[in-house]
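> Here it is, the structure, as structure tokens.
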Amino acid sequence: LATMMDVPVTKVIGTCMNLGVMVSINQRLDAETINIVADEFGYKTEYVSSEVIDAIAQDQEEDRAEDMEARPPIVTVMGHVDHGKTSLLDHIRKANVIAGEAGGITQHIGAYHVTLESGREITFLDTPGHEAFTAMRARGAAVTDIAIIIVAADDSVMPQTIEAINHASAANVPMVFAINKIDKPGANPEKIKEALANMNYLVEDWGGKYQSQEISAKKGVGVHELLEKVLLEADLLELKANPNKRATGSIIESSLDKGRGYVATVLVKDGTLNIGDVVLAGTHFGRVKAMFNERNQRVTSVGPSEPVLILGLDGAPQAGDTFNVMPTEQEARDIANKREQLQREQGLRTSRHITLDEIGRRIAIGNFQELNVIVKGDVDGSIEALSDSLIKLSTEEIQVNVIHKAVGQISESDVMLAAASNAIIIGFQVRPSMSARKLAEKEEIDIRLYSIIYNAIEELKAAMEGMLSPEI
Ligand code: GDP
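First residue of the sequence shown? That's 428 in UniProt numbering, and the numbers climb one at a time after it.
In structure tokens form, the structure reads like this:
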């Protein structure tokens, strides 16, 4: 406060004492005291929150119905390691260079878009895997419209396949299953469909609602059909955007390039981005000097669902940050500064995640309808038993959802999912990994460890009833 008012700290402390408030130099003042002290020095106080700042950044006129146009779907490929994510993305990137479009996709900018023979377009996020997907989501970016879950038919539904499915489900992102490597002698697609059915994901051939396609990512077999199915899924979503307004979207990647300064790949979700626009992303901003597409061609404007590399920002925003185009550089600078100040204040902490201690209070004030839980344990049997019991704790007011359950240590990816889905993590006879513990501390995710199922259930129940005895 003293720094902001440019007065010596001792004067602020003195003023507090005159008010009868005894304070030390590193003590926090409450809002009321701040107001009075600031007033004494002739300052007015204004409180800002990140929500208010974001709302100012996003402020635009409401869309008119006649401005809304269909936009291409944005797709992520997820699945177990070595099941073919990269091969599929590579194949699509190489195969779908449409006639008349000069040059193939030469740049790796983090996303690319292809035009199919039918003339329809799809945008792919070029960093496969649910970890990237959920890390973006934890930063508030709901980028993906549809997930392709890839499973190798010569293998089986593996732990990371299940993770991928649960991460997509937790985000409410529809899935299309790609059953890969059908060119291999040992491939058995039916076995995969059966395993999915056992998890309650019934594919269409088995009378369910999930589309699936047998493919060989390596040979390109079935990929066209897969993409058609993705488009079918997209039709159901009726994805629309308004190209006639200032652009908004997400940062996909960013870095410092020796020759070009800060470069960032952005994905436009709505509106149109033009050269000369003032882009604001997180605490950074700048006027767009040049834009390049994934074919390394200069472009002057990009519309909804299109990825583009931009030059001109004054720093490297984080992947998953949203960006907004601001009317003036002054407004962008103002918000960027305020955000920076807030970040410094909060030490980058985000304490909006739920904790067991807070559940009862939130339920009591009635603004809490769903409790998301991630269950990790040492053996399958106990995980199932615990999950079932937790779900049964649901009441009329609050639904308990087990958004992910699996055997094994609590991992970074679990913590990310908890951060993205506002969940708590319950470990039964397992502990978090070192990196997961660190991330959980930073993201302020509540991890609870138990060795007796009964205790876990009782504690959650007590929390939901607002009767949890305070942690000692
Ligand atoms: P990722 O870890 O999911 O990205 O998997 P990759 O795309 O790197 O594939 C792992 C391995 O499987 C590589 O050696 C690929 O060549 C191979 N592979 C991927 N798709 C196919 C396929 O359709 N058929 C065959 N035979 N091999 C494949």
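For each residue, glycine too, the CB sits at the ideal point set by N, CA and C.
These figures come from a predicted structure and were not determined experimentally.
1. Let's see if you can read the secondary structure: which residues bound the beta strand (DSSP E) around Tyr877?
2. What is the DSSP secondary structure of Glu641, counted as helix, strand or coil?
3. Find out if the Cβ-Cβ distance for the pair Met602, Ala644 is shorter than 8 Å.
4. Per DSSP, what kind of secondary structure is Leu516 in: helix, strand or coil?
5. In chain order, what residues of the same chain have a beta carbon less than 7 Å from the beta carbon of Gln472, not counting five sequence neighbours either side?
6. Could you check if Ala574 belongs to the surroundings of the ligand GDP, using beta carbon to heavy atom distance under 7 Å?
7. For Gly742, verify whether its CB is less than 7 Å away from any heavy atom of the ligand GDP.
8. Using a Cβ-Cβ cutoff of less than 6 Å, which residues in the same chain neighbour Ser862 once the five nearest sequence positions on both sides are dropped?
9. If you run the structure through DSSP and keep just helix, strand and coil, what is Asn669?
10. Apply the 10 Å Cβ neighbour rule to Ile879 and answer buried if 16 or more other Cβ atoms are within range, or exposed otherwise.
11. State buried or exposed for Ile899, treating a residue as buried only when at least 16 other CB atoms are found within 10 Å of its CB.
12. So what does Gln587 bridge to, in DSSP terms?
13. Count the other C-beta atoms from every protein chain shown that fall within 10 angstroms of the C-beta of Leu664, then say buried if there are 16 or more, exposed otherwise.
14. Thr588: beta carbon under 7 Å from a heavy atom of the ligand GDP?
15. Less than 8 Å between C-beta atoms, sequence neighbours within five positions excluded: which residues of the same chain meet that for Gln638?
16. Once the 5 residues before and after Gly747 are set aside, which same chain residues still bring their CB inside 6 Å of it?
17. What residue range does the beta strand (DSSP E) around Pro616 cover?
18. Tell me the DSSP secondary structure of Leu769 in three-state form.
19. Please state whether DSSP places Leu446 in a helix, a strand or coil.
20. Would you call Pro744 buried or exposed, if buried means 16 or more other Cβ atoms sit within 10 Å of its Cβ?
21. So, for Val695: in the same chain, excluding its five sequence neighbours on each side, which residues have a beta-carbon less than 6 Å away from its beta-carbon?
22. Closest by CA to Val828, which one among Met505, Ala850 and Ser809?
23. What are the start and end residues of the alpha helix (DSSP H) that includes Phe560?
24. Cβ-heavy atom distance between Ala595 and the ligand SAH below 7 Å?
25. Using only the alpha-carbon positions, how far apart do Ile480 and Tyr474 sit?
26. Give me whichever residues DSSP pairs with Arg760 in a beta bridge.
With the given structure in hand:
1. Taken as a continuous stretch (DSSP letters only), the beta strand (DSSP E) holding Tyr877 covers Ile874 to Tyr877.
2. Glu641: strand per DSSP, three-state reduction.
3. No, the Cβ-Cβ distance between Met602 and Ala644 is not below 8 Å.
4. Helix at Leu516.
5. Before going on, a small fix: residue 472 reads as Thr here, not Gln. If we look at Thr472 and ignore the five residues flanking it on each side, its Cβ neighbours are Ile461, Asn462 and Ala465.
6. No, the Cβ of Ala574 stays beyond 7 Å of every heavy atom of the ligand GDP.
7. Not a single heavy atom of the ligand GDP lies less than 7 Å from the C-beta of Gly742.
8. So the list reads Glu839, once near-sequence residues are dropped.
9. Three-state DSSP puts Asn669 in coil, outside helix and strand.
10. It counts as exposed.
11. Caution is warranted here: a pLDDT of 44 is assigned to Ile899, below 50, making its placement in the model unreliable, and the coordinate value is therefore given only provisionally. Exposed, since its Cβ has fewer than 16 Cβ neighbours within 10 Å.
12. In DSSP, Gln587 forms no bridge with anything.
13. Counting other Cβ atoms within 10 Å of its Cβ, Leu664 stays below 16 and is therefore classed as exposed.
14. Not so, every heavy atom of the ligand GDP lies at least 7 Å from the Cβ.
15. Excluding residues within five positions, the ones whose Cβ falls inside 8 Å are Val603, Phe604, Val630, Glu631, Lys656, Leu659 and Glu660.
16. Closer than 6 Å at the Cβ level, and outside the excluded window around Gly747, lie Met563, Arg566 and Ala568.
17. Not the beta strand (DSSP E): Pro616 falls in the alpha helix (DSSP H), residues Pro616 to Asn625.
18. DSSP places Leu769 in helix when its eight states are reduced to three.
19. Under the three-state reduction of DSSP output, Leu446 falls in the coil class, being neither helix nor strand.
20. Around the beta carbon of Pro744, 16 or more other beta carbons lie within 10 angstroms, which makes this residue buried.
21. Cβ neighbours of Val695 beyond the five flanking positions: Ala674, Gly676, Val729, Pro731 and Glu733.
22. Before going on, a small fix: residue 828 reads as Asn here, not Val. Checking every option, the nearest Cα to that of Asn828 belongs to Ala850.
23. Where Phe560 is concerned, the enclosing alpha helix (DSSP H) stretches over His557 to Ala565.
24. Judged by which ligands are present, the ligand SAH is missing from the structure shown, whose ligands are the ligand GDP.
25. Between Ile480 and Tyr474, the C-alpha separation is close to 11 Å.
26. The secondary-structure analysis by DSSP pairs Arg760 with nothing; it has no beta-bridge partner.
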